[in-house]
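Sequential numbering from 1 applies to the sequence shown in the working numbering. Worksheet: the structure to be examined is printed underneath.
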Amino acid sequence: HEVEGLNYSYPLIQYQLNNGKACIIGLDNGVEQLTQLLQSTARTVQIGQREVPLELLSYRSTLEPIGMDEKQHTYRIENWLPLNGQNYAHYQAMPALRDRVALLDTILVGNLLSCFKGLNLVAEEEIVTYLTRIEAMHAVSSKKTRLMAFDVTFESNVLLPPHIGLGKSVSRGFGRIM
1 HEVEGLNYSY
11 PLIQYQLNNG
21 KACIIGLDNG
31 VEQLTQLLQS
41 TARTVQIGQR
51 EVPLELLSYR
61 STLEPIGMDE
71 KQHTYRIENW
81 LPLNGQNYAH
91 YQAMPALRDR
101 VALLDTILVG
111 NLLSCFKGLN
121 LVAEEEIVTY
131 LTRIEAMHAV
141 SSKKTRLMAF
151 DVTFESNVLL
161 PPHIGLGKSV
171 SRGFGRIM
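This is the structure we're talking about:
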């Protein structure tokens with residue numbers, strides 16, 4: 001959130017559930033903000049209009065590489081929200097599965113480019129992705145809107161840290177890389 005309103009760039013702080021426990025991921029400048037929160041004496045955190053008690057069960061700080069790589073890496077992504085209202089209608093109108101997969105591949109490249117831009121990274125070469133498996137498709141609610149979530153496996157020439165999000169609503173746990 002910004003003074004002028006919502007900031008729609010790639011979120012540097014991402015909230016997730018991991019084995020039923022809340023997890024917060026900090027990237028780039030988000031790491032500094034999380035470190036300040038953990039070092040403060042505050043024992044509550046403001047989430048929307050609610051004040052919630054803060055209880056830290058564990059803390060782990062790692063420096064994970066991210067960027068282009070010479071080799072392909074395999075990733076699994078859960079609850080990925082690639083489709084908005086406009087491209088959902090386009091996706092549904094496609095009769096051929098290969099066309100739907102090609103659209104999802106294109107959207108995934110865009111998601112990776114958004115991630116790079118948010119982290120001030122430059123893709124020195126073309127980002128290549130290949131969906132290798134669509135494991136599940138299911139409806140989810142995000143901000144009172146029904147969306148189609150995908151669990152997929154893909155290969156890419158991008159090196160990604162575990163648990164970051166790609167796609168829509170990653171700040172709220174969607175699109176988690178496993």
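Note that the Cβ used here is the ideal one computed from N, Cα and C, for glycine as well. Owing to the predicted nature of the structure, the values given are computational and were not obtained by experimental measurement.
{"Asked": "First and last residue of the uninterrupted alpha helix (DSSP H) at Thr35", "Found": "29-39"}
{"Asked": "Ile244 and Val158 closer than 8 Å at C-beta", "Found": "In this structure the chain extends from 1 to 178, so residue 244 is not present and cannot be described."}
{"Asked": "Exposure of Thr129, with buried meaning 16 or more beta-carbon neighbours within 10 Å", "Found": "buried"}
{"Asked": "For Arg100 and Arg60, the rounded distance between their alpha carbons", "Found": "39 Å"}
{"Asked": "Which of helix, strand or coil DSSP assigns to Lys143", "Found": "coil"}
{"Asked": "Any 3 or more C-beta pairs closer than 8 Å across the region 46-61 and the region 128-144", "Found": "no"}
{"Asked": "Check whether Tyr15 and Ser142 have beta carbons under 8 Å apart", "Found": "no"}
{"Asked": "Opposing strand residues paired with Met94 [DSSP bridges]", "Found": "None; Met94 has no bridge partner."}
{"Asked": "Status (buried if at least 16 other CB within 10 Å, exposed otherwise) for Gly67", "Found": "exposed"}
{"Asked": "Residue span of the beta strand (DSSP E) that contains Leu17, given as start and end", "Found": "13-18"}
{"Asked": "Span separating the alpha-carbon of Ile24 from that of Gln86", "Found": "31 Å"}
{"Asked": "Extent of the continuous beta strand (DSSP E) to which His73 belongs", "Found": "67-80"}
{"Asked": "Three-state class that DSSP yields for Lys117 in the structure shown", "Found": "helix"}
{"Asked": "Cβ-based burial, Ala149 [other Cβ within 10 Å; buried from 16]", "Found": "buried"}
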